[in-house]
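K.L.:
A single structure is presented below for examination.
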Amino acid sequence: MTRVVVPATPLGPLPEAWRHCVGTGRLNLALRADYRESLAMVQRDIGFRHIRGHGLLSDDMGVLRPWSIGDRSGRRHSFTYVDQVHDAFLSLGIRPFVELGFMPSVLASGDDTVFWWKGNITPPSSWSDWTDLVTALVRHLVDRYGIDEVRQWPIEVWNEPNLVQFWKDADQDAYLRLYEVTARAIKDVDASLQVGGPAISPGADDWWQPFADFVTGRDVPCDFLSVHAYASGPAQHVPFGSYQTLKPPQDLLDQFATPRRLLAGHPLADLPVHVTEFNTSYCPDNPIHDTAYNAAYLAPVMVGGGDHVDSFSYWTFCDVFEEAWIPTSFFHGGFGLLTHRQVPKPTYHLFAFLARMGRHVLARGDDHLVCVDDEGRVTVLAWQPVGGTDGAPAHERHELRLSVPVGVGAGGDADGVVGGPATAFVVRERVNEHEGNAFAAWRELGRPFSPTERQVDVLRDLARPSSAHAAYPVVDGRVSLDLSLARHEVTFVEVTPVAETFHEGLDDRRLLGVDDDRLVADPPGTGRAVALLSGARAHVDVGDAELPTPRTPDDGPAG
Numbered sequence: 119m120t121r122v123v124v125p126a127t128p129l130g131p132l133p134e135a136w137r138h139c140v141g142t143g144r145l146n147l148a149l150r151a152d153y154r155e156s157l158a159m160v161q162r163d164i165g166f167r168h169i170r171g172h173g174l175l176s177d178d179m180g181v182l183r184p185w186s187i188g189d190r191s192g193r194r195h196s197f198t199y200v201d202q203v204h205d206a207f208l209s210l211g212i213r214p215f216v217e218l219g220f221m222p223s224v225l226a227s228g229d230d231t232v233f234w235w236k237g238n239i240t241p242p243s244s245w246s247d248w249t250d251l252v253t254a255l256v257r258h259l260v261d262r263y264g265i266d267e268v269r270q271w272p273i274e275v276w277n278e279p280n281l282v283q284f285w286k287d288a289d290q291d292a293y294l295r296l297y298e299v300t301a302r303a304i305k306d307v308d309a310s311l312q313v314g315g316p317a318i319s320p321g322a323d324d325w326w327q328p329f330a331d332f333v334t335g336r337d338v339p340c341d342f343l344s345v346h347a348y349a350s351g352p353a354q355h356v357p358f359g360s361y362q363t364l365k366p367p368q369d370l371l372d373q374f375a376t377p378r379r380l381l382a383g384h385p386l387a388d389l390p391v392h393v394t395e396f397n398t399s400y401c402p403d404n405p406i407h408d409t410a411y412n413a414a415y416l417a418p419v420m421v422g423g424g425d426h427v428d429s430f431s432y433w434t435f436c437d438v439f440e441e442a443w444i445p446t447s448f449f450h451g452g453f454g455l456l457t458h459r460q461v462p463k464p465t466y467h468l469f470a471f472l473a474r475m476g477r478h479v480l481a482r483g484d485d486h487l488v489c490v491d492d493e494g495r496v497t498v499l500a501w502q503p504v505g506g507t508d509g510a511p512a513h514e515r516h517e518l519r520l521s522v523p524v525g526v527g528a529g530g531d532a533d534g535v536v537g538g539p540a541t542a543f544v545v546r547e548r549v550n551e552h553e554g555n556a557f558a559a560w561r562e563l564g565r566p567f568s569p570t571e572r573q574v575d576v577l578r579d580l581a582r583p584s585s586a587h588a589a590y591p592v593v594d595g596r597v598s599l600d601l602s603l604a605r606h607e608v609t610f611v612e613v614t615p616v617a618e619t620f621h622e623g624l625d626d627r628r629l630l631g632v633d634d635d636r637l638v639a640d641p642p643g644t645g646r647a648v649a650l651l652s653g654a655r656a657h658v659d660v661g662d663a664e665l666p667t668p669r670t671p672d673d674g675p676a677g
């Protein structure tokens, strides 16, 4: 197998379109303690910038309250829950990506709803009352949080109006009117606020040209375009679950690229594009979401998505999510990166690994991403390629051989550097069908609907990626990495130059139980702690968490 020689000069910054936004269940759920605990964990390990969810204006948020006393009646705009939700987000370091929907029932023109919590999907019965509600909401946000803050909150008009499930009869003309009235109301509060749409689902490409022509033809404000992307086929339902075919990962990237491709040459073509929902499956009960396959499948999408769009928002950050009723089982195929009670799924680790990558890209391939930070720490994200339903099946092993530079920062080239580090500290973390896989452990536990506290603790422990570490020789400013990936694996490797330190009198060989092949003394007069590899093992070979055997100074030089 050919070894990939990773350049020492960065290609450019690592795009962060993948962490710009994340999805959530309906916003009323943010009032729950377990929801906020999950979001706090996600923000600690990943750190998304924005969060988007349905139901900001639905009845369970109480934004429009009718009153009647005697022969007098009226309506009050109330933002009690809106404030609590947004305050919670901001306290956790994440900003709203505002989705305006669904329709308050007292303002709705019909009784059509979606989900068991009955989000109303009909146009307003009074366009002026809808304008008043939007204006009151936006003014309240500006008054409470300040215009400089709210300018950073994109405001999206509705959700998937091309689907009859989300917009009465999928009436395009009615949506375009809704968009115009809403966008103008937002800009009347402050012209610098961001507004966009049409937030359409996959398969609605015929909406792009009418939307673009309507916006430009009527000079309607539009600051960004939004779209959704999923890679799954029709749902095959089973009790409390569903299964679907999957297109290859490239299909998601093609969907990301579609708005700009279809609008090439149009005045809107250069606007920011936000994918405000994406995942493998669009069903909230498809077990694919819980698997290592899901993580391996999405790895190339995460790495390459920023080439096509300004953001792409994973749907969703946790399983506190209730569109298809309340889940009946701990693992149930939910969209979340986390289960209920904060157990990470394999895809969670894909995001957490990316969050730890260096900021400067050294190399990208079909199965790897290599980055470096300003201090010279080199990071590798690698994955076993998978191809969807009709793609080649994944093998039990996938081999990747890399030569990575050590001691190079964002400025580049350390190849052959004289006086550079002699060794590097290498750490590898792995998630696959067995390791770092709480879903696999749950199945081995007998698939309990409601795990005990002890079982949840066990699942949480087994959800951690496996890890291994060792010191490796740096030869001509480089370390060779041989990575053997297990089935559906995503792996993270960190290579840090070692700054050797002299400890006066230290001699590990005097310790009881010492392994003389691994623990050595400082060679007298050198001030260096030497841990050399044998010539036969002068590379990383940790396909099965194997680590090279360091040599003592008396063994002679490494080959």
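Offset between the sequence shown (1-based) and our numbering: plus 118. Note that CB positions come from ideal geometry on N, CA and C, so glycine has one too.
#1: For Leu386 and Leu343, which I take to be in contact (beta-carbon distance under 8 Å), what is that distance rounded to the nearest angstrom?
#2: Would Val461 and Arg578 be called neighbours here (beta carbons separated by less than 8 Å)?
#3: Just checking my contact of Tyr590 with Val522 at CB under 8 Å: how many whole Å lie between their CB atoms?
#4: Within 10 angstroms of its Cβ, does His657 collect 16 or more other Cβ (buried), or is it exposed?
#5: Based on DSSP bridge pairs, tell me the residues matched to Pro462.
#6: Does Thr300 come within less than 8 Å of chain D when only Cβ atoms are used?
#7: Judging by CA-CA distance, which residue of Arg257, Glu547, Glu607 is the nearest neighbour of Ser585?
#8: At which residues does the alpha helix (DSSP H) containing Val490 begin and terminate?
#9: Please list the segments of the beta strand (DSSP E) lying wholly inside the stretch 295–369, counting only runs of 3 or more residues, in order along the chain.
#10: On a CA-only basis, which of Val576, Val307, Lys236, Gly192 is nearest Arg269? Give me that one, please.
#11: Using C-beta distances below 7 Å, list every residue in its chain close to Arg257, excluding the 5 sequence neighbours before and after it, in chain order.
#12: Reducing DSSP to helix, strand and coil, say where Asp428 ends up.
#13: DSSP has His587 in a bridge; who is on the other side?
#14: Can the beta-carbon of Ser196 be found closer than 8 Å to that of Leu225?
#15: Within the continuous alpha helix (DSSP H) that includes Asp205, where are the two ends?
#16: Between which residues of its own chain and Thr541 is the CB-CB distance below 7 Å, once the five residues before and five after are set aside?
#17: Does the distance from the CB of His606 to the CB of Val504 come in under 8 Å?
#18: Expressed to the nearest angstrom, what Euclidean distance is found between the alpha-carbon atoms of Gly506 and Thr363?
#19: Check Gly171 in the structure and name its three-state DSSP category.
#20: Is DSSP giving Asp229 helix, strand or coil here?
#21: Let's see if you can read the secondary structure: which residues bound the beta strand (DSSP E) around Pro418?
#22: CB-CB under 6 Å to Val260, same chain, minus the five flanking residues each way: which ones, in chain order?
#23: Under DSSP, the beta strand (DSSP E) around Val608 begins and ends at which residues?
P.N.:
So, from the data block:
#1: Taking the first residue of the sequence shown as position 1, residue 386 is located at position 268. Taking the first residue of the sequence shown as position 1, residue 343 is located at position 225. The pair is a contact, with the Cβ atoms about 7 Å apart (cut-off 8 Å).
#2: The count along the sequence shown starts at 1 and reaches residue 461 at position 343. The count along the sequence shown starts at 1 and reaches residue 578 at position 460. Yes, the pair counts as a contact, with Cβ atoms nearer than the cut-off.
#3: The count along the sequence shown starts at 1 and reaches residue 590 at position 472. The count along the sequence shown starts at 1 and reaches residue 522 at position 404. In fact, because the Cβ distance is near 10 Å, the residues do not count as touching under 8 Å.
#4: Within the sequence shown, the letter at position 539 stands for residue 657. Confidence in His657 is poor, its pLDDT being 41 and thus under 50, which makes the residue's placement unreliable; the coordinate value appears in the next sentence. Buried, because 16 or more other Cβ atoms sit within 10 Å of the Cβ of His657.
#5: Within the sequence shown, the letter at position 344 stands for residue 462. According to DSSP, which records beta bridges pairwise, Pro462 is partnered with Leu456.
#6: The structure shown contains no chain D; it holds only a single protein chain.
#7: If you number the sequence shown from 1, residue 585 lands on position 467. Selected option, being the one with the closest Cα: Glu547.
#8: Here residue 490 is taken as the residue at index 372 of the sequence shown, counted from 1. Per DSSP, Val490 belongs to no alpha helix (DSSP H); it is in the beta strand (DSSP E), 486–490.
#9: 313–318, 342–348, 354–356, 359–361
#10: Here residue 269 refers to the residue found at position 151 of the sequence shown. Comparing alpha-carbon positions, the option among Val576, Val307, Lys236, Gly192 lying closest to Arg269 turns out to be Val307.
#11: Counting from one through the sequence shown, the residue named residue 257 turns up at place 139. Only Val307 meet the Cβ criterion.
#12: In the sequence shown, counting from the first residue as 1, residue 428 sits at position 310. Here DSSP, grouped into helix, strand and coil, assigns Asp428 to coil.
#13: Here residue 587 refers to the residue found at position 469 of the sequence shown. Paired residues: Val545.
#14: Translated into the one-based positions of the sequence shown, residue 196 becomes position 78. Translated into the one-based positions of the sequence shown, residue 225 becomes position 107. Their beta carbons are not under 8 Å apart, which means Ser196 does not touch Leu225 by this criterion.
#15: Along the sequence shown, one-based indexing puts residue 205 at 87. Here the alpha helix (DSSP H) through Asp205 covers 198–209.
#16: The sequence position of residue 541 within the sequence shown is 423, counting from 1. If we look at Thr541 and ignore the five residues flanking it on each side, its Cβ neighbours are Ala589, Tyr590, Pro591, Val592, Val616, Ala649.
#17: As a working mapping, residue 606 is identified with position 488 in the sequence shown. As a working mapping, residue 504 is identified with position 386 in the sequence shown. Result yes, Cβ atoms of His606 and Val504 sit closer than 8 Å.
#18: By one-based count along the sequence shown, residue 506 stands at place 388. By one-based count along the sequence shown, residue 363 stands at place 245. Each residue's Cα considered, the two are about 8 Å apart.
#19: Numbered from its first residue, the sequence shown carries residue 171 at position 53. Strand at Gly171.
#20: Within the sequence shown, numbered from 1, the residue matching residue 229 stands at position 111. DSSP places Asp229 in coil when its eight states are reduced to three.
#21: Position 300 of the sequence shown, counting from 1, holds the residue named residue 418. No beta strand (DSSP E) holds Pro418; the alpha helix (DSSP H) holding it covers 410–422.
#22: Position 142 of the sequence shown holds residue 260. Cβ neighbours of Val260 beyond the five flanking positions: Val268.
#23: Locating residue 608 in the sequence shown gives position 490, counting from the first residue. Where Val608 is concerned, the enclosing beta strand (DSSP E) stretches over 608–615.
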